Every structure is written in C-alpha cells, then in structure tokens.
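Read through the structure below, which is laid out as structure tokens, and then see the notes.
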Amino acid sequence: MSASSSSIAGSGQRSIHAWLLLLPALVLLVAFTHWPAVATLIDSFYSTPKGARPAVWVGVENYQSMVDDPVFWQAVRNNLWFAAATIPASIGLALLMAVWVNERIAGRTFVRMAYFTPTVLPMIAVANIWLFFYTPQYGLLEQVTGALGLPSHNWLGSPSTALGAITLVAVWKEAGFFMIFYLAALQTLNPSLKEAAAIEGASRWYFFRRVQWPLLMPTTVFVLVNAVINAFRLVDHVFILTRGGPDNATTLLLYHLYEVGFKFWDTAYAAAITVVLVVVLSSVALFQFFVLDKKVHYQ
Amino acid sequence: MQRNIFLKTLAASAVAMLGLGAGLAHAADPLEVPFYYPVAVGGPITKVIDGYANDFNKAHPQYKITPIYAGTYQETIVKALTANKSGKAPATSVLLSTDMFTLIDEDAIAPIDDFAKTDADKAWLKGFYPAFMANSQTGGKTWGLPFQRSTVVMYYNKEAFKEAGLDPNKAPATWKELSDAAKKLTKKDANGNVTQYGIQIPSTGFAYWMLQTLTTPNDVLLANEAGTKVNFDNPKVIEALDYWVNLTKEGVHPKGVIEWGTTPKDFMEKKAAIIVTTTGNLTNIKANAKFDFGVGQIAGNVRKGGSPTGGGNFYIFKKAAKEQQQAAFEFAKWVTQPERAAQWSMDSGYVAVSPAAYDTPILKKYGQDFPPALVARDQLPVSVAEFSTHDNQRVTKVLNDAVQAALNGTKTSAQAMKDAQKEADRILRSYQ
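Protein sequence lines, in the order shown, are assigned to chains A and B. Using the numbering used here, read the first sequence as starting at 29 and increasing by one per residue. Using the numbering used here, read the second sequence as starting at 6 and increasing by one per residue.
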C-alpha cells in the first residue's frame with residue numbers, strides 16, 4: 029500500500045518535472061505557431077476591422093471574394109508554373125553538382141564552396157545584384173547579348189520573360205542548398221558498393237542509376253518537401269526584382285498575400301488566403317511524408 | 006581600476022533611477038514625441054531631419070521629438086498603421102498625401118484645424134500653396150500638413166538637343182513637339198539597336214502618377230474630390246495612355262515596364278535624352294550629371310502643361326496623448342516656417358511648400374543661380390491633386406496594372422482602362 033502510493037506520487041512528480049522541462053518549448057510553439065494558426069482561421073470568417081467599425085461575422089464571404097479575385101487566380105497560376113519549373117530544375121542541378129564534387133576532382137573544396145555561396149548570401153542583396161544583371165541597356169546580360177549584336181531586351185519589364193527571370197534566380201539559389209543534402213548522403217554510402225561495381229565492370233552511369241540513385245531516395249523526398257515549400261514561400265526576390273509586375277505577371281501567392289494584408293490592410297481577406305495556403309501546403313507535405321516516404325525506405 | 010569605474014557608474018545610475026522613481030527629477034523630463042519619416046529621394050536626408058529635430062528640441066526644452074527613419078513611404082505607412090493598431094501610435098508621421106483617405110477610414114489621424122487656434126496659426130495654415138492643400142483637405146477639414154512635396158517635371162539633356170538640331174534653351178512645350186523631339190533624339194548603332202532613347206517615362210511604383218502627367222494636360226481628372234469615384238474609361242484618359250503607348254511603338258521610348266529607380270541613372274548615362282520624373286530628383290541629378298541639362302514644365306496638349314502634385318504630408322495620430330499631439334503640431338509648424346522650408350527645398354530638391362519660402366533671400370538667390378529649381382513651383386498654378394481615393398493602395402494598384410498591361414501590349418489602352426474602371430467601381434462601391 030505504502031509502496032504503491034509512493035510510486036504513484038513519484039510518477040506524478042516525474043510527469044510534472046517532464047512538463048516543466050517541456051514548458052519553454054511548448055509556450056513558444058503555442059505562442060508563435062498554434063495560436064496564430066487558430067486565430068487566422070477565426071479571423072478569416074470575420075470582416076476586416078476598420079477605424080471605428082469593428083469586425084463582424086461574415087461567414088465564407090472572404091473565401092467567395094477569393095474565388096472572384098482575378099489576381100488571386102493569376103498568382104495561383106504563376107505559382108504553379110514557378111513550382112513546376114524550379115522544383116525539378118533545382119533538384120536535378122543539385123544532384124548533378126553533388127555527384128560531381130563527391131568525386132576526387134582538383135579544387136574540390138573550392139567548387140563546393142562556390143556552389144554553396146548562393147545559399148549563405150543575404151537574399152535581398154543578391155536580388156539587387158541580379159536586378160543589375162537584368163537591367164536593360166547596361167545590365168550584364170545586355171552587355172553579353174549586345175556584344176553579340178542582339179537587340180536589347182527588357183527582361184523584367186516584359187510579361188513574357190519576367191517570371192522566367194525570377195525562376196532562374198530561384199533555381200540558382202536553391203540548387204546549392206540542396207546539393208549539401210545530396211553530398212552528405214553520398215558521403216554516407218558504403219565505399220564497398222563502388223568497389224564491387226568496379227569489379228563487376230559496371231559503367232559509371234549504370235552505377236548511378238542502379239545503386240546511388242535508389243539509395244538517395246530518402247534524401248530526395250526530404251529535398252522535395254523543402255523544394256515545394258520554398259516554391260510557395262518565395263517573396264523576397266519578387267520584392268526587389270519586379271514587385272509582382274508587370275501587370276501581375278510575377279505575382280506569387282505569398283506576395284499577393286503581403287499586398288492584401290499590408291498594402292490594402294484587408295486583414296480578413298489576407299487571413300482567408302493564408303488558411304488556403306496553409307491547408308494546401310500541409311496536405312502536400314503530409315502526402316509526401318506518408319505516401320512517398322513509405323515507398324522509398326527499404327532494407 | 007576600470008572595474009571600479011564600472012561599479013561607480015552602476016551605482017550612480019541606480020541612485021539616479023531611484024531618484025526618478027521617487028519623482029525627484031520627474032518634473033524636468035521632456036515629453037517624448039515619436040516621429041516616423043520615410044526617405045524617397047537621394048541625399049543625406051536622415052541627417053537633415055535629425056538636425057531639425059535637435060534644433061527644435063533645443064528651442065523647446067519641454068519636448069523631445071524623436072525622429073525614427075522607417076524606410077520607403079510604403080514601409081513607413083505599414084509601420085505607422087501597425088503601431089496604431091497595437092495602440093502605440095507615433096505622435097506624428099510623414100506619409101504620402103494620397104494616403105489621407107486611408108488614414109481617415111482607419112480612424113488613425115486627427116484633423117489639424119483643432120490645433121490651429123490662434124490667428125497667427127490660422128494665417129500660417131492658409132499660407133501653403135493651394136495645389137498642395139488639395140490633397141490635404143477633405144470634407145471641410147485639414148488632415149495633412151504639406152512637407153516634402155513635389156511635382157513631375159521633364160529633365161532634358163541640352164547637349165543631346167544641340168546634337169539633334171533642337172533649341173537647347175527651350176523644352177518641348179506640347180505633345181506634338183515632345184514626340185517630334187523624341188524622334189530626333191533617338192540614336193541607333195550600326196546594327197539598328199537603339200543606343201539613346203528620345204524619351205523615357207518610368208512605369209513601376211508610380212505608373213498612375215506618370216499617367217496623370219499625361220491626363221492633366223489632356224484636361225481630365227482621374228478621380229472625384231471625395232475619392233469615391235474614378236474616371237478611368239473616359240476617352241480623354243484613354244487618349245493620354247495611347248500617347249504613351251505610341252511612343253514605345255514608334256521606338257523612341259524603351260519597351261516594357263521601366264524601373265522608377267533607374268530612370269535618373271539612365272538619364273545621367275545618356276541612355277535617355279528626356280526623362281519625366283519627380284522634381285525630388287533634382288538635387289541628385291544636379292550633383293551627378295556630367296553634362297548641361299535643362300528642366301522643363303510638363304508638355305501641354307488640350308490645356309497648358311500641368312502636373313499632379315506628389316510627396317508627403319505631416320499627419321497627427323489620434324491615439325497619441327493630447328500633449329504629444331500638441332508637440333507634433335508645434336514641430337510641424339516650426340519645420341514649415343519659410344526659412345526652414347527654403348533650406349529643406351535646397352537640401353532635397355523638393356518644392357518649398359509656401360510662397361513665403363520663395364520670398365526668403367536664400368531661396369531667391371538659389372533660384373537666380375539655378376533657375377531649374379523654380380520650374381516645379383512655376384507649374385503649381387496649373388497643377389492638380391495627386392490621384393487618391395478611398396482604399397487608395399488597392400485602387401492605385403488596379404490603375405498601375407492597367408497602365409503596365411497597355412505598355413506591354415497585352416491589352417489595348419481602351420480595354421485596359423475599361424477593365425480597370427470596372428474593378429475600381431467594385432472596390433469603391435462601399436464608399437459611394
């Protein structure tokens with residue numbers, strides 16, 4: 029009797045102890061992740077409070093205006109196009125670079141560092157440099173095309189090329205970052221695999237296709253999740269390079285969200301867009317983790 | 006030794022704090038007055054503003070104006086409104102004159118008339134140029150005090166004019182003269198690629214403002230005075246936009262959307278012989294252009310020239326304490342006195358806000374030595390208010406997008422303006 033009661037008291041004390049240890053992290057999570065998410069969901073069903081007019085319940089009105097908002101749909105289309113272009117390009121490039129710098133090549137450290145540079149540079153500063161590359165008439169790109177006798181082109185000022193120009197900057201930035209993960213994964217592969225393949229006389233391409241690539245699959249899933257999230261949360265380049273223009277040609281979802289929330293001060297509508305964005309992104313992430321992840325892990 | 010000093014300082018400040026707590030030194034404390042301001046043109050603007058605040062504080066020991074640099078106009082209004090929503094509004098802020106309706110709708114600002122009680126104050130309030138007050142008053146009340154105000158002017162390269170056989174002492178005065186000059190000023194290399202465009206009008210950020218620079222000479226206003234109705238699909242507006250679009254079609258104006266920020270640079274690098282932009286760039290171009298340049302009034306069409314005004318006003322925030330509001334009012338009044346307004350105009354390139362400022366000896370002399378400094382003032386009598394409506398940022402974006410669509414040829418001018426009209430009507434419905 030006394031023994032069991034003291035053990036209950038002990039476990040109670042232990043669990044209090046455990047909760048106390050968890051408390052700091054819990055407070056931060058609730059304050060900065062869970063509560064804002066719930067508050068956003070609630071706000072999306074109210075109107076935007078303005079001056080002396082408080083917020084009132086409007087039901088799904090904010091979601092209806094989203095359906096009618098042509099700029100929102102253009103942002104969706106732009107973003108899907110942007111994702112479809114950046115994700116495969118940056119992952120493919122990352123893999124290529126990783127396989128290359130994994131070999132014993134001259135100046136390997138230097139090349140690795142060069143590839144990784146875009147990731148460590150502050151993005152606003154980098155976007156300003158790219159802005160100069162694209163500037164019509166005296167930008168770097170114009171210097172090259174001009175030397176070849178080609179006519180001048182306004183890369184960021186034409187709707188046909190503006191999104192492509194932003195995509196290029198994003199791929200350049202992402203590839204170096206993803207390369208690090210691939211490189212780390214390649215280094216953990218057992219060297220005896222390579223020796224065995226060499227003894228069997230497998231070609232380099234065959235070795236990559238049948239041995240390295242399948243073993244890199246878990247890394248690919250991880251990188252893919254990140255690439256998808258990054259494709260939908262890009263905003264800093266858009267700010268510097270085009271501010272969503274010309275005529276919304278480069279407006280991505282998060283940029284549209286910023287404009288609605290902090291330029292138009294329509295916070296309720298911005299909350300509704302946020303909810304949609306969070307729901308879509310988390311379902312994509314869940315699909316990737318629970319469906320794709322199962323397929324790539326094998327013993 | 007050093008440690009000793011550290012401890013002594015610590016002890017001293019602890020004593021000082023206790024003293025404050027006991028209310029000993031309390032009476033002598035000056036009143037903190039936070040003041041947010043943006044920087045939108047080149048030059049050491051932050052230093053100048055800090056200097057004004059210091060001088061004011063010295064003359065008024067009961068107040069302590071604290072200037073807080075808050076970025077661009079856009080960033081400053083985001084910060085000011087966020088602070089206002091959280092209940093800690095700045096006492097005063099310089100924001101775009103076009104944000105007046107937005108600030109009223111947010112119930113963020115207090116009318117200035119309530120502070121101007123004495124006859125001297127009332128006379129001072131009447132002393133500003135009427136063109137600048139058009140964007141500062143609505144519904145019979147004054148909401149903003151003109152401070153860093155501007156108009157659009159035309160900068161032209163006199164050397165390029167001479168080369169092209171044009172009179173370097175006379176800016177093109179009509180649309181016809183302007184497009185003829187632009188044709189003559191456009192230079193091509195052996196491959197047929199343009200090396201110098203005749204004219205350049207920027208179309209990012211302030212596209213609506215540049216459109217207004219064309220609609221004003223065409224004798225049409227883009228919005229009503231109450232900011233509840235727009236006039237985008239008016240044939241005269243479409244004609245004005247078409248004039249701009251045709252310049253690009255004729256190849257005398259660069260294609261696509263043109264950056265606001267790089268336009269002065271294009272002028273200084275001789276990539277464009279004429280540029281149309283704010284007079285706020287004057288001091289910058291004066292300091293950096295390596296050739297002789299002229300400044301002209303906006304070319305006319307149906308009526309003589311005329312440009313929209315632009316730039317920023319002082320606003321006083323409603324949620325600030327009464328004493329802080331009063332201090333903000335005193336500071337704005339102090340800073341817009343003729344001598345100071347004159348100095349500010351020379352330091353920045355902005356238009357001085359009152360005729361009295363142009364009567365001061367220093368600005369008179371400056372105008373004699375450098376006549377381009379007076380062009381913006383001289384076109385004030387034919388100027389109109391900068392485009393501004395309720396839900397201003399949203400309606401402005403609709404207009405900017407329409408201008409960009411027309412310039413890029415994805416829509417005709419007529420189609421672009423009709424679409425914009427429909428969208429703006431929808432946004433403004435709740436204010437009519």
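For every residue, glycine included, the Cβ atom is placed at its ideal position computed from N, Cα and C. None of the values given here were measured: they were computed from a predicted structure.
Residue range of the unbroken beta strand (DSSP E) whose run includes residue i
{"i": "Val158 of chain B", "result": "Leu150 to Asn162"}
{"i": "Phe209 of chain A", "result": "Where Phe209 of chain A is concerned, there is no enclosing beta strand (DSSP E), although the alpha helix (DSSP H) it sits in stretches over Ala190 to Thr216."}
{"i": "Ile70 of chain B", "result": "Tyr68 to Tyr74"}
{"i": "Gly301 of chain B", "result": "Phe298 to Gly301"}
For residue i: DSSP bridge partner residues
{"i": "Arg81 of chain A", "result": "A:Lys78"}
{"i": "Gln201 of chain B", "result": "B:Lys192"}
{"i": "Gln142 of chain B", "result": "B:Thr147"}
{"i": "Leu101 of chain B", "result": "B:Gly317"}
{"i": "Thr282 of chain B", "result": "B:Val158"}
{"i": "Ala228 of chain B", "result": "B:Val235"}
{"i": "Thr179 of chain B", "result": "B:Gly305"}
Proximity test, Cβ basis, 8 Å: residue i and chain B
{"i": "Asn163 of chain A", "result": "In the sequence on display, residue 163 of chain A carries Thr and not Asn. It does; some Cβ of chain B falls within 8 Å."}
{"i": "Phe60 of chain A", "result": "no"}
{"i": "Arg271 of chain A", "result": "yes"}
{"i": "Gly177 of chain A", "result": "yes"}
{"i": "Asn90 of chain A", "result": "no"}
{"i": "Phe290 of chain A", "result": "yes"}
For residue i, the three-state DSSP class (helix, strand or coil)
{"i": "Asn318 of chain B", "result": "strand"}
{"i": "Lys369 of chain B", "result": "helix"}
{"i": "Gly305 of chain B", "result": "strand"}
{"i": "Tyr42 of chain B", "result": "strand"}
{"i": "Ala277 of chain B", "result": "strand"}
{"i": "Ala333 of chain B", "result": "helix"}
{"i": "Thr123 of chain B", "result": "coil"}
{"i": "Ala30 of chain B", "result": "For Ala30 of chain B, the predicted model reports a pLDDT of 44, less than 50, meaning its position is unreliable; a value from the coordinates is still stated below. Ala30 of chain B falls in the coil class under three-state DSSP."}
{"i": "Ile389 of chain B", "result": "The amino acid occupying residue 389 of chain B in the given sequence is Val; Ile does not appear at that position. Val389 of chain B falls in the strand class under three-state DSSP."}
{"i": "Leu130 of chain B", "result": "helix"}
{"i": "Glu223 of chain A", "result": "helix"}
{"i": "Ile114 of chain B", "result": "strand"}
{"i": "Glu37 of chain B", "result": "strand"}
{"i": "His181 of chain A", "result": "coil"}
{"i": "Tyr166 of chain A", "result": "coil"}
{"i": "His395 of chain B", "result": "coil"}
{"i": "His258 of chain B", "result": "coil"}
Proximity test, Cβ basis, 8 Å: residue i and chain A
{"i": "Lys327 of chain B", "result": "no"}
{"i": "Leu433 of chain B", "result": "no"}
{"i": "Gln330 of chain B", "result": "no"}
{"i": "Glu274 of chain B", "result": "yes"}
{"i": "Thr253 of chain B", "result": "no"}
{"i": "Gln384 of chain B", "result": "no"}
{"i": "Val389 of chain B", "result": "no"}
{"i": "Gln373 of chain B", "result": "no"}
{"i": "Ala410 of chain B", "result": "yes"}
{"i": "Leu86 of chain B", "result": "yes"}
{"i": "Thr209 of chain B", "result": "yes"}
Boundaries of the alpha helix (DSSP H) in which residue i is found, first to last residue
{"i": "Pro98 of chain A", "result": "Pro98 to Asn130"}
{"i": "Ser359 of chain B", "result": "Counting along the chain, Ser359 of chain B falls outside any alpha helix (DSSP H), and DSSP gives it neither H nor E."}
{"i": "Arg140 of chain A", "result": "Arg136 to Val148"}
{"i": "Leu69 of chain A", "result": "Trp63 to Asp71"}
{"i": "Ala85 of chain B", "result": "Tyr78 to Lys90"}
{"i": "Trp249 of chain B", "result": "Pro240 to Lys254"}
{"i": "Lys52 of chain B", "result": "Ile50 to Ala64"}
{"i": "Thr218 of chain B", "result": "Ala212 to Thr220"}
Pair within 8 Å by beta-carbon distance, residue i and residue j
{"i": "Leu285 of chain A", "j": "Ile301 of chain A", "result": "yes"}
{"i": "Val263 of chain A", "j": "Gln316 of chain A", "result": "no"}
{"i": "Val358 of chain B", "j": "Tyr134 of chain B", "result": "yes"}
{"i": "Glu111 of chain B", "j": "Gly79 of chain A", "result": "yes"}
{"i": "Val400 of chain B", "j": "Thr221 of chain B", "result": "no"}
{"i": "Ile303 of chain B", "j": "Gly310 of chain B", "result": "yes"}
{"i": "Tyr68 of chain B", "j": "Ala332 of chain B", "result": "yes"}
{"i": "Tyr1 of chain B", "j": "Arg382 of chain B", "result": "For chain B, the structure presents residues 6 to 437; residue 1 of chain B sits outside this window and is missing."}
{"i": "Gly266 of chain B", "j": "Ser155 of chain B", "result": "no"}
{"i": "Pro150 of chain A", "j": "Trp200 of chain A", "result": "no"}
{"i": "Met141 of chain A", "j": "Ala203 of chain A", "result": "no"}
{"i": "Ser418 of chain B", "j": "Leu246 of chain B", "result": "yes"}
Residue i beta carbon near the ligand ADP (any heavy atom closer than 7 Å)
{"i": "Thr295 of chain A", "result": "The ligand ADP is not part of the structure shown, which contains no ligands of any sort."}
Any C-beta of chain D under 8 Å from that of residue i
{"i": "Asp185 of chain B", "result": "Here the protein chains are A and B, and chain D is not one of them."}
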